[in-house]
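Peer 1: In this note's numbering, the protein residues as written are 1 to 169.
Glycine included, every Cβ here is placed at the ideal spot set by N, Cα and C.
Before I ask anything, here is the structure I am working with.
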Amino acid sequence: MATETPDLGRRGFLTGRLAPPRDAVQPPWTRFEKLAAACTGCGACIDACPQAIVRMGPGRWPQIDFSRNECTFCGKCAEACPEPVFDRALPAFPHVVSIGEACFAVRGVVCQSCGDACPEGAIRFRPRLGGPALPSLDADRCNSCGACVSTCPADAIVMAAPLVEAAHA
Ligand code: SF4
Ligand code: SF4
Ligand code: SF4
1 MATETPDLGR RGFLTGRLAP PRDAVQPPWT RFEKLAAACT GCGACIDACP
51 QAIVRMGPGR WPQIDFSRNE CTFCGKCAEA CPEPVFDRAL PAFPHVVSIG
101 EACFAVRGVV CQSCGDACPE GAIRFRPRLG GPALPSLDAD RCNSCGACVS
151 TCPADAIVMA APLVEAAHA
């Protein structure tokens, strides 16, 4: 697999495309540099996803939308891609889940939807005096599937960009 960092400015000039957005969640087993270097924007990964979570983002860069569904790690997006964009040797997603202040439980309303939805048991609820139990994320168990993001009725959970993406590229 190529590991060199592409000249994104020159490539963008040649293709007429801006670089992929850094704050978007890229398809599983892809990274910013691989996408920028090899993705042609053909949309094959989008058509292949049975969960309909791969969307065409700005600049014709595919990105993941966890708002309505989660990733099942079926691999169909990677199988469909005709370019060397996907690397199944990588962890699928380097992103980390973040539960924000909009959480119903934080605001005093009982809710454990994310914990119920999580297939990895990565969200536990800590009892507290004077209010509903609060969600607590065990990042080591989380595989970034997005089930909690799509389930949360308060839209309180986001998939945050990795701190050091280059380490996974
Ligand atoms: S692994 Fe499957 S569910 Fe996940 S984005 Fe790819 S096609 Fe969609
Ligand atoms: S599903 Fe959303 S609102 Fe409910 S406890 Fe989890 S983060 Fe809070
Ligand atoms: S992203 Fe998936 S594994 Fe991680 S906490 Fe949410 S539901 Fe659980």
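Residue ranges of each alpha helix (DSSP H) run of no fewer than 4 residues wholly in the segment 89-165, ordered along the chain?
Peer 2: 113-117, 147-151
Peer 1: Hey, how far is the Cα of residue 127 from the Cα of residue 161?
Peer 2: 29 Å
Peer 1: Starting from residue 53, trace the beta strand (DSSP E) both ways and give me its first and last residue.
Peer 2: Unbroken run through residue 53: none, as it is neither H nor E.
Peer 1: Using 7 Å as the cut-off, classify the Cβ of residue 137 as near or not near the heavy atoms of ligand 3, replying yes or no.
Peer 2: With a cutoff of 7 Å, residue 137 counts as near ligand 3, since its C-beta is closer than that to a heavy atom of the ligand.
Peer 1: Can residue 150 be considered in contact with ligand 2, in the sense that its beta carbon sits closer than 7 Å to one or more heavy atoms?
Peer 2: no
Peer 1: Any idea if residue 62 is buried or exposed, counting beta-carbon neighbours within 10 angstroms, 16 or more meaning buried?
Peer 2: By the neighbour-count rule (16 or more Cβ atoms within 10 Å), residue 62 is buried.
Peer 1: Would you say the beta carbon of residue 75 comes nearer than 7 Å to a heavy atom of ligand 1?
Peer 2: yes
Peer 1: Quick check: what's the CA-CA separation for residue 40 versus residue 83?
Peer 2: 8 Å
Peer 1: Could you pull the start and end residues of the alpha helix (DSSP H) that residue 35 belongs to?
Peer 2: 32-38 is the span of the alpha helix (DSSP H), which, as asked, contains residue 35.
Peer 1: Can you give the Cα-Cα distance for residue 155 and residue 96, rounded to whole angstroms?
Peer 2: Residue 155 and residue 96: Cα-Cα distance of roughly 16 Å.
Peer 1: With DSSP as the reference, please indicate the residues paired to residue 62 in a beta bridge.
Peer 2: 56
Peer 1: Please list, in chain order, all residues of the same chain as residue 132 whose beta carbon is under 6 Å from its beta carbon, the five residues on each side excluded.
Peer 2: 105, 110
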